[in-house]
Amino acid sequence: MHHFIDRRANPKGKSLGNRQRFLRRARENIKERVDQSVRGKSIQSGSGVPDEGEKVTIPSKGLKEPRFFHSSKGGTRRHVLPGNKDFVVGDTIKRPQGGAGEGGRKASEDGDGEDEFSFTLTQEEYLEILFEGLELPDLVEKATVETETIGTRRAGLTTAGTPNNLNLVRTMRNSLGRRIALQRPTTKTQKELEEQIAELEALDERTAPQEAFLDELKKRLEGIIRKRKVVGYIDPLDLRYDTFVPEKIRNSRAVVFCLMDVSGSMQEREKDLAKRFFLLLHLFLERCYEHTELVFVRHTHHAQEVDEETFFYARETGGTIVSTALEKMKEIIEERYPPDEWNIYGAQASDGENFGNDSVRCKNLLLNDLLPVSQFYAYVEIVDEAAEMLLNNPEAGEDLWQNYREVKEQAQHFEMQRVSQPGHIYPIFREFFLPKVKGAQNAGS
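Here the sequence shown is numbered in my numbering, starting from 51 and rising by one per residue.
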């Protein structure tokens, strides 16, 4: 086993350990603000984050790096301040009774308070923090479906090319090496000779040695100028150009089915919780795939494919037959998304209520038709805040929940969770997509 010892010195006046703890604290605050900013975003707006970035505000308290310093409230010091006329080193004086009041910029009745620190995260930084440590579930041993397009890639350097492909760094490196090898005189050397010649020529009378030295300098200057012309600063042999060759680029594609129960029991609160989960799923998959499509399916006693606005804000209600949404998903897959060309993901949100024996049909549709062609399927059941005891009791629940539990036992790429508050969405999403420890799974099998 290799052991690495970091012997780098700490920054002057700072503790590296304290700095690392500070960065972790700041990152936690940033992640908290990023999680809060997810609310209210549109799923269809690309990545959900503006191209110019996302403004994030965190408390300024704790931004300063902690450090050690001498306290003014205790300890013994032996020094004499400038301007002192009454004491010498070693004298003992009484400590003045100072107040123990605290300073700072805390909030007061006047409205002055601690400032907050605002900055803008780039789109890439925002999504990196949001999905830090997550990955696509590797529970289905299925090759990623890809399509091919023609692109270009760099293929080294060449001695011929167009000016816009000129590699300036490599060209100047070759030029420098050639000038050193051929001993091309520098501009500084030529200038020094010219100055010496000018000084000698400025003399009214020159001795014979000075005349001989002047002639020698002129000959050397002529040789330098001639050699500088022969050995140019840039030679055609120095030029290097970037070269590109065509290449087939594989673009992965994914489709996300968002299925939501919009019966009378699904109010705005339930729809808002579902929207947040669907948004996170779409943002995450968009970072993993070049091309991601969304399919919105809403259902009461019948299902229909709709746009996002209708999906979340339409007022239509009715009875509840969950299997109609699964049937619609199956139909759309057969019509537009062949499993051998698309990575298929499903996300379903419901309050758990269903009609009669329809839950058994839902179980069969998932096991026989949808899960075999899907990479991952997530079911989120939104329960009332008054029924939070169900969150810690997975064995209790409506008929739909019980049938889905049987599905989970037979399909590893099927996940189900309950939520009752906005704060539950992000934790269960991370639980869905945290890397699974394969060694532990193999040990249990």
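Beta carbons are placed, not taken as given, at the ideal position from N, Cα and C, and that holds for glycine.
Everything numeric in this text was worked out from a predicted model, so none of it was measured.
Approximately 7 Å separates the beta-carbon atoms of F334 and F483; this is inside 8 Å, confirming the contact. The beta carbon of S373 sits closer than 7 Å to those of D408, R411, C412 and L415, all from its chain and outside the five residues before and after it, given in chain order. Residue pairing for A353: DSSP places it in a beta bridge opposite H349.
When the beta-carbon positions are compared, F405 and G369 come within less than 8 Å of each other. Put simply, the backbone Cα of I371 is about 21 Å away from that of R319. If you look at A262, you'll find it isn't in any beta strand (DSSP E); it sits in the alpha helix (DSSP H) that goes A258 to V280. Non-local C-beta neighbours of A461 in its own chain, meaning closer than 6 Å and more than five positions away in sequence, comprise L421, ordered along the chain.
R303 sits in a strand when the DSSP states are folded into three classes. Taking the C-beta atoms as reference points, V305 is found no nearer than 8 Å to A397.
Residue pairing of Q467 in beta bridges, as defined by DSSP: V430. When beta bridges are read from the DSSP output, H474 appears opposite no residue.
Within the same chain, G402 and E431 come within 7 Å of W451 by CB-CB distance, once the 5 residues on both sides are set aside. Apart from the 5 residues on each side of it in sequence, R326 sits with its Cβ closer than 6 Å to the Cβ of I475 in its chain, given in chain order. A direct Cα-Cα distance of roughly 59 Å separates R228 from L344. Under the Cβ criterion (8 Å, minimum of three pairs), the segment 276–295 counts as touching the segment 215–225.
C-alpha of T221 to C-alpha of A399: approximately 60 Å in a straight line. Rounded to whole angstroms, the gap between the alpha carbons of S302 and F181 is 19 Å. Counting C-beta pairs with one atom in each stretch, the segment 273–282 and the segment 359–368 have fewer than three that are closer than 8 Å, which means they do not touch. Listed in chain order, the non-local C-beta contacts of E355 below 7 Å within the same chain comprise V345, F346, V347, K378 and I382, local neighbours out to five positions each way being set aside. As DSSP reads the structure, Q246 sits in no beta bridge. DSSP places A399 inside the beta strand (DSSP E), whose first and last residues are N393 to S400.
For Q233, there is no enclosing alpha helix (DSSP H), as DSSP marks it with neither H nor E. Residue burial annotation: K321 is buried, with at least 16 other C-beta atoms found within 10 angstroms of its C-beta.
Closest in alpha carbon position to F328, among E358, T350, D419 and A262, is E358. In the three-state reduction of the DSSP assignment, P485 falls in the coil class, being assigned neither a helical nor a strand state. Pairing E244 with I274, the inter-Cα distance amounts to about 11 Å.
Counting C-beta atoms within 10 angstroms of its own C-beta, R386 has fewer than 16 neighbours from the protein chains shown and is therefore classed as exposed.
In this structure, the beta-carbon distance from D419 to K458 does not fall below 8 Å. With fewer than 16 neighbouring CB atoms inside 10 Å of its own CB, V138 falls in the exposed class. Note that the C-beta distance between L323 and V469 is below 8 Å. Remark: C-beta atoms of T212 and E297 do not approach each other more closely than 8 Å. With a contact defined as Cβ atoms closer than 8 Å, L264 and L250 qualify at about 5 Å. Uninterrupted alpha helix (DSSP H) stretches at least 4 residues long and entirely within the segment 281–341 occur at 318–338, given in chain order. The three-state reading of DSSP puts G201 in strand, counting E and B together.
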